[in-house]
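**Student:** First, the structure itself, so that you have it in front of you.
2 protein chains.
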Amino acid sequence: MTFSMSKALLPVFEIELPALSGILEKADAYASTKKIDASVLLNWRLAPDMFPLVRQVQIVADQAKNGSSRLAGVEAPRYEDNETSTDQLRARLAKTVAYLKTLDSKQIDAAADREITFPLGPNNKGQMKGGDYLNHFVLPNFYFHLAIAYAILRHCGLDIGKRDFLGAIPMKMT
Amino acid sequence: MTFSMSKALLPVFEIELPALSGILEKADAYASTKKIDASVLLNWRLAPDMFPLVRQVQIVADQAKNGSSRLAGVEAPRYEDNETSTDQLRARLAKTVAYLKTLDSKQIDAAADREITFPLGPNNKGQMKGGDYLNHFVLPNFYFHLAIAYAILRHCGLDIGKRDFLGAIPMKMT
Numbered sequence: 212m213t214f215s216m217s218k219a220l221l222p223v224f225e226i227e228l229p230a231l232s233g234i235l236e237k238a239d240a241y242a243s244t245k246k247i248d249a250s251v252l253l254n255w256r257l258a259p260d261m262f263p264l265v266r267q268v269q270i271v272a273d274q275a276k277n278g279s280s281r282l283a284g285v286e287a288p289r290y291e292d293n294e295t296s297t298d299q300l301r302a303r304l305a306k307t308v309a310y311l312k313t314l315d316s317k318q319i320d321a322a323a324d325r326e327i328t329f330p331l332g333p334n335n336k337g338q339m340k341g342g343d344y345l346n347h348f349v350l351p352n353f354y355f356h357l358a359i360a361y362a363i364l365r366h367c368g369l370d371i372g373k374r375d376f377l378g379a380i381p382m383k384m385t
Numbered sequence: 212m213t214f215s216m217s218k219a220l221l222p223v224f225e226i227e228l229p230a231l232s233g234i235l236e237k238a239d240a241y242a243s244t245k246k247i248d249a250s251v252l253l254n255w256r257l258a259p260d261m262f263p264l265v266r267q268v269q270i271v272a273d274q275a276k277n278g279s280s281r282l283a284g285v286e287a288p289r290y291e292d293n294e295t296s297t298d299q300l301r302a303r304l305a306k307t308v309a310y311l312k313t314l315d316s317k318q319i320d321a322a323a324d325r326e327i328t329f330p331l332g333p334n335n336k337g338q339m340k341g342g343d344y345l346n347h348f349v350l351p352n353f354y355f356h357l358a359i360a361y362a363i364l365r366h367c368g369l370d371i372g373k374r375d376f377l378g379a380i381p382m383k384m385t
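Line by line, the protein sequences are chains A and B.
First residue of the first sequence? That's 212 in my numbering, and the numbers climb one at a time after it.
First residue of the second sequence? That's 212 in my numbering, and the numbers climb one at a time after it.
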C-alpha cells in the first residue's frame with residue numbers, strides 16, 4: 212500500500228470507534244451486575260476539573276468527525292451532545308463510523324499542505340497545515356480522550372485490558 | 212509536503228517526548244512544593260492492576276524507540292528500566308529523541324507493506340504489515356501510555372492541561 216493522510220487517519224477511527232463501543236458495552240454489563248446506576252459511571256471523572264466519561268466519549272467521536280471533515284474540506288454534521296446512556300453513546304460512535312465512510316479519501320490525501328482553521332474553545336481559532344493538524348492535533352486529541360475514557364472505567368473497576376483499547380486490529384499472533 | 216510513514220511517526224515523537232518531559236518537570240516541582248516524596252507520584256497507579264507512573268513513562272519511550280526501529284529495520288538499543296527519579300525518566304526521554312534522529316526515514320517510508328514481527332508479552336509474537344503496525348499498534352500504544360501518565364498526575368492534583376499534553380505544536384492562534 213502507499214501510505215497517505217487518509218490511510219493514517221480513517222483506518223484508525225474505523226477500528227477504535229467500535230473498540231470504544233465494545234468497552235461501553237462491557238461497562239453497561241458491569242453496572243448491571245454490580246447494581247450500579249449506569250449514570251454513575253457516565254458521570255465519573257478522574258479529577259474534579261476533568262470531563263466525565265460521557266463527555267470524553269462525545270469528544271472522541273467529535274475529534275474523528277470534525278478532524279476528518281476539515282481535512283476533507285467538508286462541513287461536519289453537528290451532534291446534539293444530549294446522550295444520557297451507553298446505548299446512546301454507542302449510537303453516536305456508530306453514526307460517526309458511518310459518516311466517515313462518506314468522506315472522499317483523495318481530498319484528505321491532498322490536504323497535507325492546506326491550511327486548516329479550527330475552533331479552540333469558544334473564542335479562539337487555531338491554524339495548522341493539514342499534515343501537522345493530523346499529527347499534532349486530531350490524533351493526539353482523539354487518543355487522549357479515548358485513553359481517558361478507558362482510564363475512568365478501569366479506575367471504576369471494569370475488567371478491561373489493552374486488547375479492548377486496541378480493538379479488532381489486523382494482527383497475526385504466533 | 213508529501214505525507215509518508217516517517218512523517219506520520221517521527222514528528223509525533225519529536226514533539227510528544229519533550230511534552231512528557233515538561234510534564235514530569237512540573238510534577239517534580241509540585242512534589243517539592245507539597246513536600247511529597249517524588250517516589251509517591253512515580254509509584255502511583257489509577258487501578259491496582261495498572262502500571263505505576265514510572266513504568267508508563269518507560270513504555271512511552273519504548274514504544275517510540277522500538278516501534279520506529281522495527282519499521283526502519285534496525286535493532287533498537289535496550290534500556291535498563293532502572294529509573295527511580297523524574298530526572299532519570301527525563302534523561303530516558305531525551306536519549307530516545309536523540310536516538311530517533313539517527314534512523315533513516317526512507318527505510319521507515321518503505322515499510323508500509325513489510326511484515327513486522329514484534330514481541331507480545333514474554334511468550335508470544337505479533338505480526339502486522341508496517342502500515343498497520345504504525346496505525347494500530349505503535350501510535351495507539353504510545354498515546355495510551357502517554358495519556359495514562361498524564362491522567363495519573365492529574366488524578367494526583369498536578370495542575371496541567373491539554374496544552375501540556377499536546378506539547379510545542381506548530382499552531383498559529385488567532
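Glycine included, every Cβ here is placed at the ideal spot set by N, Cα and C.
Would you give the residue range spanned by the alpha helix (DSSP H) that residue 340/A belongs to?
**Tutor:** It is not in any alpha helix (DSSP H) - residue 340/A instead sits in the beta strand (DSSP E) that spans 335-340.
**Student:** Going by alpha carbons, who is nearest to residue 331/A out of 277/A, 233/A and 322/A?
**Tutor:** For the residues 277/A, 233/A and 322/A, the minimum Cα distance to residue 331/A belongs to 277/A.
**Student:** Quick one: complete alpha helix (DSSP H) runs, 4+ long, within the region 274-331 of chain B?
**Tutor:** 297-311 and 316-320
**Student:** By a C-beta neighbour count over all protein chains shown, 10 Å radius and 16 as the cutoff for buried, is residue 251/A buried or exposed?
**Tutor:** Within a 10 Å sphere around the beta-carbon of residue 251/A sit fewer than 16 other beta-carbons, which makes this residue exposed.
**Student:** So if I threshold CB-CB distances at 9 Å, which residues from the region 332-344 of chain B count as touching chain A?
**Tutor:** 335, 336, 337, 338, 339, 340, 341, 342, 343 and 344
**Student:** For residue 309/B, count neighbouring C-beta atoms within 10 Å of its own C-beta (all shown protein chains included) and say buried if the count is 16 or more, exposed if not.
**Tutor:** exposed
**Student:** Which of the three DSSP states, helix, strand or coil, is assigned to residue 245/B?
**Tutor:** helix
**Student:** If contact means a Cβ-Cβ distance below 8 Å, which residues of the region 212-233 of chain B contact chain A?
**Tutor:** 212, 213, 214, 215, 216, 218, 219, 222, 223, 226 and 227
**Student:** How is residue 384/B classed by DSSP in three states: helix, strand or coil?
**Tutor:** strand
**Student:** Determine, using beta carbons only, whether residue 354/B and residue 272/A come nearer to each other than 8 Å.
**Tutor:** no
**Student:** Quick one: is residue 174/A buried, meaning 16 or more other Cβ sit within 10 Å of its Cβ, or exposed?
**Tutor:** For residue 174/A there is no data in the structure shown, the boundaries of chain A being 212 and 385.
**Student:** Whole angstroms is fine: what's the gap from residue 327/B's alpha carbon to residue 306/A's?
**Tutor:** 33 Å
**Student:** Tell me whether residue 371/A sits in a helix, a strand or coil according to DSSP, three-state version.
**Tutor:** coil
**Student:** Would you mind giving the Cβ-Cβ distance between residue 236/B and residue 378/B, rounded to the nearest angstrom? I have them listed as a contact below 8 Å.
**Tutor:** About 13 Å separates the two Cβ atoms, so there is no contact after all.
**Student:** Name the chain B residues whose beta carbon is nearer than 8 Å to that of residue 348/A?
**Tutor:** 377, 380 and 382
**Student:** Report yes if the C-beta distance between residue 366/A and residue 257/B is below 8 Å; otherwise report no.
**Tutor:** yes
**Student:** Of the residues that make up the region 241-261 of chain A, which ones have a beta carbon closer than 8 Å to any beta carbon in chain B?
**Tutor:** 257, 258 and 261
**Student:** Counting C-beta neighbours from all protein chains within 10 Å, is the total for residue 295/B 16 or more, i.e. buried, or is it exposed?
**Tutor:** exposed
**Student:** Enumerated in chain order, which unbroken segments of the beta strand (DSSP E) with a length of 3 residues or greater are wholly contained in the region 215-261 of chain B?
**Tutor:** Secondary structure in the region 215-261 of chain B: no beta strand (DSSP E) run of 3 residues or longer lies completely within the stretch.
**Student:** Please list, in chain order, all residues of the same chain as residue 241/B whose beta carbon is under 7 Å from its beta carbon, the five residues on each side excluded.
**Tutor:** 369
**Student:** Residues of chain A with CB under 7 Å from residue 365/B, in chain order?
**Tutor:** 257, 258 and 261
**Student:** Quick one: list the residues of chain A neighbouring residue 354/B, beta-carbon separation under 9 Å, in chain order.
**Tutor:** Annotation: Cβ neighbours of residue 354/B in chain A (cutoff 9 Å, chain order): 350, 351, 353, 354, 355, 357 and 358.
**Student:** Report the rounded CA-to-CA distance for residue 314/B versus residue 287/B, giving the unit in angstroms.
**Tutor:** 10 Å
**Student:** Nearest to residue 342/A by alpha carbon, out of 248/A, 220/A, 324/A and 301/A?
**Tutor:** 324/A
**Student:** Give the straight-line distance between the Cα atoms of residue 259/B and residue 334/A, rounded to the nearest whole angstrom.
**Tutor:** 41 Å
**Student:** Give me the Cα-Cα distance between residue 219/B and residue 246/A, rounded to the nearest whole angstrom.
**Tutor:** Answer to the nearest angstrom: the Cα atoms are 44 Å apart.
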